[in-house]
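Enquirer:
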Amino acid sequence: MSRRELREHIFKLLFFIEFHEEDEMPEQLALYFEQMTHLDEKDHMYIEEKYNHVCERMEDIDKALDGVSQGWKVSRMGKVDLAILRLGAYELKFDDEIPTGVAINEAVELAKIYGGDDSPAFINGILAKLV
Numbered sequence: 063m064s065r066r067e068l069r070e071h072i073f074k075l076l077f078f079i080e081f082h083e084e085d086e087m088p089e090q091l092a093l094y095f096e097q098m099t100h101l102d103e104k105d106h107m108y109i110e111e112k113y114n115h116v117c118e119r120m121e122d123i124d125k126a127l128d129g130v131s132q133g134w135k136v137s138r139m140g141k142v143d144l145a146i147l148r149l150g151a152y153e154l155k156f157d158d159e160i161p162t163g164v165a166i167n168e169a170v171e172l173a174k175i176y177g178g179d180d181s182p183a184f185i186n187g188i189l190a191k192l193v
């Protein structure tokens, strides 16, 4: 599976957070992975580990996003945009394997697919301020 596909699965799991209580997420993760019969063990581990790393840093990520988003606190952001921003911010700030330009570009590409018309520009602007 390509890095882009892996990133898309992580985004989807981060999106789930907005609709489930924290104690429900282990079951939601299990259900998600159960449906992915084509996923090999290596990809499964990558997705789950990166998802967990983002979740561990969620408070720091949200503070950073609040600090650079003028007029848009995390609590007011659309759920799709927020999930994309959290993943992108994690990759920018905490994942040394992902170059800055790649992290921003991949977040913008997710926004083009899943976000609204203004999402790509919004995501690009916020992540660019984190650099």
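In our numbering, the protein residues as written are 63 to 193.
Quick reminder that beta carbons are idealized off the backbone N, C-alpha and C, glycines included.
Label LYS191 either buried or exposed according to how many other C-beta atoms from any shown protein chain fall within 10 Å of its C-beta, with 16 as the threshold for buried.
Expert: Along the sequence shown, one-based indexing puts residue 191 at 129. Classification of LYS191: exposed, given that the 10 Å Cβ count is below 16.
Enquirer: Indicate whether ALA126 and GLY150 have their beta-carbon atoms separated by less than 7 Å.
Expert: The count along the sequence shown starts at 1 and reaches residue 126 at position 64. The count along the sequence shown starts at 1 and reaches residue 150 at position 88. Cβ atoms of ALA126 and GLY150: not closer than 7 Å.
Enquirer: Once the 5 residues before and after HIS100 are set aside, which same chain residues still bring their CB inside 8 Å of it?
Expert: As a working mapping, residue 100 is identified with position 38 in the sequence shown. Result list for HIS100: empty, nothing under 8 Å.
Enquirer: How close, in whole Å, do the beta carbons of LEU189 and LEU144 come, if the pair is a contact with beta carbons under 8 Å?
Expert: Sequence index remark: in the sequence shown, residue 189 carries index 127 (1-based). Sequence index remark: in the sequence shown, residue 144 carries index 82 (1-based). Wrong, their Cβ atoms sit about 13 Å apart, outside the cutoff.
Enquirer: Comparing C-alpha positions only, which one of GLU103, VAL130, ALA92, ARG148 sits nearest to CYS117?
Expert: Looking up residue 117 in the sequence shown gives position 55. For CYS117, the nearest C-alpha among the options comes from ARG148.
Enquirer: Taking the alpha-carbon positions, what's the TYR176 to LEU93 distance?
Expert: On the sequence shown, residue 176 is found 114 positions in, with the first residue counted as 1. On the sequence shown, residue 93 is found 31 positions in, with the first residue counted as 1. The straight-line gap from Cα to Cα measures roughly 22 Å.
Enquirer: Measure the alpha-carbon distance for HIS82 versus LYS141 and round it to whole angstroms.
Expert: Counting from one through the sequence shown, the residue named residue 82 turns up at place 20. Counting from one through the sequence shown, the residue named residue 141 turns up at place 79. Computed Cα separation, rounded: 12 Å.
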